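The structure appears below as structure tokens.
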Amino acid sequence: MFTPEPSLTWLHTTRDQVVAIVESINQPQVSIPGKPAQAVSGHLCGLRNPNGSFSIYAVLHLPRSGENVIYLPDRRQLTTVDEYRAVEVEGLQFLESMGFMLDNLNFRNLAPEAQEQVLRRVPLFSPPRASGAAPAPAAGAPGAAAAPDAARLARLLASF
1203 MFTPEPSLTW
1213 LHTTRDQVVA
1223 IVESINQPQV
1233 SIPGKPAQAV
1243 SGHLCGLRNP
1253 NGSFSIYAVL
1263 HLPRSGENVI
1273 YLPDRRQLTT
1283 VDEYRAVEVE
1293 GLQFLESMGF
1303 MLDNLNFRNL
1313 APEAQEQVLR
1323 RVPLFSPPRA
1333 SGAAPAPAAG
1343 APGAAAAPDA
1353 ARLARLLASF
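Pasting the structure below:
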């Protein structure tokens, strides 16, 4: 079972520690206790810890406030591949139960530059920022179509 961990707001990590990143390709309306209901994005992230164990994080990003809500499984330090896989499946089911459609980014198979881009793009790996801290370009302006949205759309269409 995954439960929220209020003391965590983001993860400071290196690309070498990342085992897997699974990303939502939609933004369902989710109601999180103590926060207004809103469309959120979801991620599941597996990391290798310095001691050789693994950890899995399920994360909801709230774009209105710019904050992350990080959920941790009951088993926080996973020492075997079987434990990791079981908790990863549990995390996927947790996110899917909220209405997320998920896509595995196959992070380990990406080129190092692409891995760095993913770490910069995914909100889980950056300190929370206030909404409006980075204004979006005006509609019709060059660059107005966000690359992550285009990539999500492409992955969604490719799944059919």
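Numbering (this note's numbering), first residue to last: 1203 to 1362. Beta carbons are placed, not taken as given, at the ideal position from N, Cα and C, and that holds for glycine. None of these values were measured; they are calculated from a predicted model.
(request) Tell me, to the nearest whole angstrom, how far the beta carbon of F1309 is from that of I1223; I am working on the premise that it is less than 8 Å. (result) The pair is a contact, with the Cβ atoms about 5 Å apart (cut-off 8 Å).
(message) Can you list, in chain order, the residues of its chain with a C-beta nearer than 6 Å to that of P1337? Leave out the 5 residues immediately preceding and following it.
(response) With a pLDDT of only 43 at P1337, under 50, the local geometry of the prediction cannot be trusted, and no value is derived from it.
(request) Please work out which residues of its chain come closer than 7 Å, Cβ to Cβ, to S1255, disregarding the five sequence neighbours upstream and downstream, and give them in chain order. (result) Taken in chain order, the residues that qualify are Q1279, L1280 and T1281.
(request) Compute the Euclidean distance between the alpha carbons of P1275 and A1316, then round it to the nearest angstrom. (result) The C-alpha of P1275 lies about 28 Å from the C-alpha of A1316.
(message) Is it buried or exposed, A1343, if we count other Cβ atoms within 10 angstroms and call 16 or more buried?
(response) At A1343 the pLDDT is 45, less than 50, meaning the model places this residue with poor confidence; the figure from the coordinates comes in the next sentence. Classification for A1343: exposed.
(request) Count the C-beta pairs between the segment 1312-1328 and the segment 1280-1298 that are closer than 8 Å, then say yes if the count reaches three, no if not. (result) By the criterion of at least three beta-carbon pairs nearer than 8 Å, the segment 1312-1328 is not in contact with the segment 1280-1298.
(message) Just to confirm my understanding: we take A1313, look at its own chain, exclude 5 residues before and 5 after, and list those with CB closer than 6 Å. What are they?
(response) Correct list: empty, nothing qualifies.
(request) Within its chain, find whatever has a CB closer than 6 Å to the CB of G1301; leave out the 5 residues flanking it on each side and keep chain order. (result) Annotation for G1301: P1230 place their beta carbon closer than 6 Å to its own, counting only its chain and skipping 5 residues before and after.
(request) Identify the continuous beta strand (DSSP E) that holds F1256 and give its terminal residues. (result) It spans F1256 to L1264 - the beta strand (DSSP E) in which F1256 sits, taken as one unbroken run.
(request) Check the Cβ-Cβ distances between F1204 and every residue of chain B, and say whether any is below 8 Å. (result) Absent from the structure: chain B. Only one protein chain is present.
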